[in-house]
Structures are given as structure tokens and as C-alpha cells.
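In my numbering, the protein residues as written are -5 to 577. We put the beta carbon where it would ideally sit given N, CA and C, even for glycine. Here the structure is laid out as C-alpha cells; the discussion comes afterwards.
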Amino acid sequence: MSWSVLILVLAIALLVGLANGVVGHIRRLLRVAFTLIRYDVLLPAEYYDRYPTALQAAHTALSIFSKRKRGRTVGERLAKALERLGPAYVKVGQFLATRPDMIGVTVAQELGRLKDRLPPFPHTAALDTINSELGGTEKLFGTISEAVAAASIAQVHQAIIPRQGVVAIKVLRPRIEKKLAKEMAALHFLAWWIERLSPRSRRLEPVQFIDTVSSAMERELDLRLEAGAAAEFREVAAKDGYLAVPEIDWSRSAKRVMTLDWIDGTPLTDLKALDKAGADRSELAIKITRGFLAAALDHGFFHADMHEGNLLYGRDGQLWIVDFGIMGRIGHKERRYLAEILYGFHRRDYRRVAEVHHEAGYVPDKFTIEEFAQALRAIGEPIFGKTADGISMSRLLLQLFDVTHLFGMHLRPELVLLQKTMVQVEGVARGLDPQHDMWSASRPIVERWVQRELGAEAVTKRGIDEAAQALAAMRRLPQTLTAIEAAARKVSIEAPREDRKWYQMPVFWIGMLAGAVLALVLSASESPQVTPTQPAPAPARIEAVQPAEPAPSATATIPPADASGEPIPAPPPELDAEKAATP
């Protein structure tokens, strides 16, 4: 193949890549890979002994570019690398912290402390956004301060409203939507290739994970949705009183601006300030545990980012929670399954726990109930007989993930998010009170929940609900039969849609066009070239060529011979014609 053809093929590939954004994806992913190498988290040295020979050689070659002093552990180095990469990857890190099944429980806990801090954007840009979204600031706010906190997607300002008080204004960064869209498209491209090249990764569903992150980030880019989540969670939290939520000012909120009450308090990250403020840290730990479980189990709606920075001890003595960008939901059916699972573990009835897993569809049918019950027994038995403060939720969670991997279970995102938040809550509570007993603190909430979901009242209510559903289905039966009949009549009348022929496919014509271009290039490159510097050869002498005797044919007629062996001459053609004319 000539150089012109090679250049043409590369040019076509480059144009196709530019059209599909592949070149941009690869450029962004190379930047990510180089940053991860610099922080020694692409192939961490801590796992060197587990690598096959090829990866060990790759780690040795890449180690000359890494600087491990940037962090002591893998999770710390990964957090710093994601902070260096920018807003999109900070958000990805926050969601990775919700997937300990992907990156391990320890790394997930360390990523939970990921610092979402960036330099603030100019105050004038924030005022421009507020003016464009709310139609002016003079009539709505008295004064607006400089940014008091800046994160990857938005920053917060303090403002004063005349005759109302102090409020907080959350403003999105300029052009953040386009930046995040490009980075998430590159990550989706990477996740798609990971699923294609690694069948083992499909159980973790990386494409679905990136899609979940993308959809969650899109919701965060519309502050009206975050305001709605805050208002809903405020109603949920008010029913038990363990947590308090600031109120949303809807008249001063829009897509890129959200206004809510200003909370004057101490973040739970500052333990000395909490002691100085007279906070009962043991009581705060209990409130955190019960507030999370009451919202998740009783209402199916919980705050899924309960780290210390989002929790404040107010001057009024209440425990306030902020930042409602990451929220989790659990359906009623999933909560009932979870109730039976916890109740079965409490009674050490592992067969019933295994049956519930099969009924919920969490375990593939190729595994028997007895096999799964045996694995659950290996998890449950070691925790009995131990004191509650000696049981680590993170270790128990790690064992559960090992079982899910062993049995090929596809993990439900909402349950993984619940488990992750439970581990996060345990870490925050024990950070406040090292002697915090999460099991004792959660007992009133769990017992109330189990009684409601599994008691006689729950069974009666469930029977009434199922009977009502069956009655509603019977009422819909005539309409359903009519719809089925109409669909069948339509199928029988209408001709089936013909599939496009091969010559109607765009791919065929694109291939034909590309083949024609390549054929033209090849024919042009292989055409003979004339060298004018050499003298023209003398004309050759042409001799007269005698006609050659025709070769005997296999079907030629052989003339007869006489007795002497001489051939008998053939009769003249005139005689043959007369004989043929004689009747």
C-alpha cells in the first residue's frame, strides 16, 4: 500500500473520530491516566503482589513518574488526584465512595472525606447569574457577601433580606454544564470499552454507574430539583426530630440559584469547637444513627452524603444537615425484603434469609437456597457473642460483597447506596463517640420497623392491599381484553413492515463510496510512468508471417482410403449439391 493510501485512511479515521468526539475522549482520558500515574493510583504499589507478571512490569515502568508522598494510603492519593482533575472527577469520586463493592470498603471510606473545594469564581459573575435568574438583586436582597464556600459545581454567599434576616445563596459556576458534559462523555466512552473488554466487570455494571453519576449531576445542575429534595427531606426529618433541615425560599430560587435559611453553627469536623459549644457528642452520635435509619426505613428517602462537613451543631442545640445533591430512595417492596432479611439474621434463621433473597430475585436461579444459606451462616455466626462496639459495619459489609461476588449477584444501586451511607454514618458517629454502639442506637428504629412490616397489623394491611390490587385488576379486565382484541385486529389487517434491503442500508453506500475512493487512489498510484530522458528504441522490422497450418480437430472428418492405403479424393462440391437435390 502506498503512502498516499495510508495518509488517506488516517485522514478518514481522524475525521470520523472528530465527528464522534472519540479524539476528545481519548485526549481527556490520557490526561486522567497521567494524573493517576503521578499519584500512584492507576497501579498502586500496595497491590503489587497481586498483579500478574505483565502488570508488575507495567507498574515498574510507570513508577518513575509517580510521587507517592502525595498521600499515605491509596484512598488519600486517589482523593487528591480527583481533586486535581477538577469538578467532574470530584463528583465521580463522591459517587465512587458510594460503591465499596467496586473499590473496596477502606478506599470508599477514605474517598468519603474527599474535599470538594475549589477557588471561588468572581463575585461579579455570581451577581450576573443572580440577576439573570431572578430578574435583579436590589429588590430581593439587601447585601450579598463574597463567597464563603466554593465547591466544584457551585459556591455559597451570605445575603441579608430586609425584615427577614440572613440567608444563604447557592449559585452555580459559569459554563459548568458544558464542562461536565464533556468529561462525563469521556468517562462513558471508557466504561463502555471496559464492559466490552472485561466480562467480569459487567457484574458491577460500570456503564450504568456512569449513567447514574451523569443523571445525578444533571439533577445537581438544576437547583430547583435540589430545593425540592430539601423540602421533602425537611418534612421527613420533622416527623422524628432527630435532624433539622433549613427552609427553602422558593421566591428567590431558580434553576441556577437557590436561597435557603442561613444556619449558624459548628461543623462536626471541629471536635474542639463542639466541646467548647457544650455539645453532647454521644447524644449527637445517636441522633445521626437514628435520623438516618428513621428516614431510610420508615419513609424510604434518605440523605446519602452524611459526612461531617454536611452536619452542623446549631446554636439552638439541633443537629442540622445541608447539601441535598445526593439523595437515596428505597421502594416499599425493597424495604419489606430488607425487614425480613434483618429479622432473619436476628433470629439466626439463615434459610429464611436465603429464601427472601431468592424471592426478591437477588440470587441467580442456578444456586440453591441451601448453598446461599450456608454462605450467610458464615457471615452471621461470627458476630453473635461479641459486644456491639467490637462489630465493624465495614467488615460485615465487605463480607457481604464477597458473597455477592461469589454468587454472581447483580448489585442493586439503591441498596448499595444504603449500605454505603450506613458505613459512613457509623464512621461519623464513632468519630464523635468512640464507644458508640450503633446496634443499640438503632434498636428502637429497627424494632418499630420490623413490627410494622412483619407484625399482624402489617400482614392484615398487606392482605387488604393485595385484595384491592386484585379487584382493580379485575375491573380493568374488560378494557384489557378490548385492547388486546384491537391490537390483534390491527396486526391481522396491516401488512408486516418489510425490513430494509441490503442496498437500502446507509452502511452499504458508505462502504461503496470508500471503496471507490480507495480504488481510484490505488489505480493512480499503480499507473505506469514515462521517462522522457531515455532515447526511444528503434522500430522493429516487421516480417511477413505465413499462415500456420490448422491443427487437426478432434471432430474433423477423416477421408476414406482405398485398398492401397491412398486416400480417396473427395467429390467436388457441385456433385454433392446435385445428390442432395435428387429426391
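Identity of the residue in the options nearest residue i by Cα
i: Ile373; options: Lys360, Ala348 and His352; result: Ala348
i: Leu105; options: Lys85, Leu112 and Pro114; result: Lys85
i: Lys327; options: Gly355, Thr474, Asp234 and Ile315; result: Gly355
i: Asp310; options: Gly338, Ala298 and Gly272; result: Gly272
i: Ala120; options: Ile154, Ile163 and Val17; result: Ile163
i: Val579; options: Ser126, Glu189 and Pro193; result: Residue numbering for the chain in the displayed model covers -5 to 577; residue 579 lies beyond these limits and cannot be assessed.
i: Gly402; options: Glu199, Ala231 and Glu277; result: Glu199
i: Lys270; options: Tyr307, Val251 and Phe295; result: Tyr307
i: Ile170; options: Leu128, Arg190, Arg157 and Phe115; result: Phe115
i: Asp343; options: Gly325, Pro358, Lys360 and Glu364; result: Glu364
i: Val150; options: Val251, Val419, Val350 and Trp443; result: Val251
i: Ala175; options: Gln445, Leu332, His19 and Gly338; result: His19
i: Glu177; options: Phe366, Arg22 and Pro428; result: Arg22
i: Ala55; options: Arg32, Arg71, Lys74 and Glu77; result: Arg32
i: Leu72; options: Val101, Tyr45 and Gln158; result: Val101
i: Pro168; options: Asp427, Thr67 and Lys249; result: Lys249
i: Ile335; options: Gln473, Asp264 and Val444; result: Val444
i: Lys360; options: Pro156, Leu400, Gly235 and Leu332; result: Leu400
i: Arg341; options: Gln50, Leu370 and Thr206; result: Leu370
Residue i classed as buried or exposed, judged by whether at least 16 other C-beta atoms fall within 10 angstroms
i: Lys172; result: exposed
i: Pro583; result: With the chain represented from -5 up to 577, any question about residue 583 goes unanswered, as that position is not in the structure.
i: Pro160; result: The sequence given here places Val at residue 160; Pro does not occur at that position. Per the 10 Å Cβ criterion, exposed.
i: Asp618; result: The structure shown does not extend to residue 618, since the chain is modelled only from -5 through 577, so no value can be given for it.
i: Glu214; result: buried
i: Phe203; result: buried
i: Pro38; result: buried
i: Leu181; result: buried
i: Ala223; result: buried
i: Pro376; result: exposed
i: Ile478; result: exposed
i: Ile58; result: exposed
i: Phe286; result: buried
i: Thr415; result: buried
i: Ile320; result: buried
i: Val142; result: exposed
i: Tyr42; result: exposed
i: Pro81; result: buried
i: Glu229; result: exposed
i: Ser60; result: buried
i: Gln418; result: buried
i: Ile458; result: exposed
i: Gln413; result: buried
i: Glu40; result: exposed
Span of the alpha helix (DSSP H) around residue i
i: Leu134; result: Element bounds for Leu134: n/a, residue is neither H nor E.
i: Glu58; result: In the sequence as displayed, the identity of residue 58 is Ile instead of Glu. That residue, Ile58, is in no alpha helix (DSSP H); it is neither H nor E in DSSP.
i: Ser209; result: Pro200 to Glu214
i: His351; result: Tyr344 to Ala354
i: Thr29; result: Val16 to Arg32
i: Gln88; result: Pro81 to Leu90
i: Ala231; result: Leu217 to Ala232
i: Ala267; result: Leu265 to Lys270
i: Ala369; result: Ile363 to Gly374
Where the beta strand (DSSP E) containing residue i begins and where it ends
i: Arg323; result: Met321 to Arg323
i: Lys164; result: Gly159 to Leu166
i: Ile155; result: Ala148 to Ile155
i: Leu184; result: From DSSP, Leu184 is part of no beta strand (DSSP E) but of the alpha helix (DSSP H) over Ile170 to Leu191.
Opposing strand residues paired with residue i [DSSP bridges]
i: Gly259; result: Gly308
i: His297; result: Met321
i: Met252; result: Lys164
i: Ala144; result: Gln149
i: Ala238; result: Trp314
i: Ile138; result: Ala153
Exercise for the section: Determine, using beta-carbon pairs with one atom in the segment 175 to 190 and one in the segment 126 to 145, whether at least three such pairs fall under 8 Å. Expected result: Three or more Cβ pairs closer than 8 Å define a contact, and the segment 175 to 190 falls short of that threshold against the segment 126 to 145.
Exercise for the section: Mind the definition here: the segment 73 to 87 touches the segment 137 to 152 only if three or more C-beta pairs lie below 8 Å; say whether that holds. Expected result: Taking 8 Å as the limit for Cβ pairs, the verdict is that the segment 137 to 152 does touch the segment 73 to 87.
Problem - Stretch-stretch touch, CB-based, cutoff 8 Å, three pairs: the segment 246 to 256 with the segment 278 to 293 - result: The segment 246 to 256 vs the segment 278 to 293: no contact.
Handout entry: Three-pair Cβ contact test at 8 Å for the segment 227 to 241 versus the segment 305 to 323
Key = They touch, by the three-pair rule.
Exercise for the section: Pair every Cβ in the segment 293 to 306 with every Cβ in the segment 436 to 443, then say whether three or more of these pairs are closer than 8 Å. Expected result: Touching, no, given that fewer than three Cβ pairs across the two stretches are closer than 8 Å.
Exercise for the section: Examine the Cβ distances between the segment 267 to 284 and the segment 420 to 429 and report whether three or more of them are shorter than 8 Å. Expected result: Contact between the segment 267 to 284 and the segment 420 to 429 is established, with three or more Cβ pairs separated by less than 8 Å.
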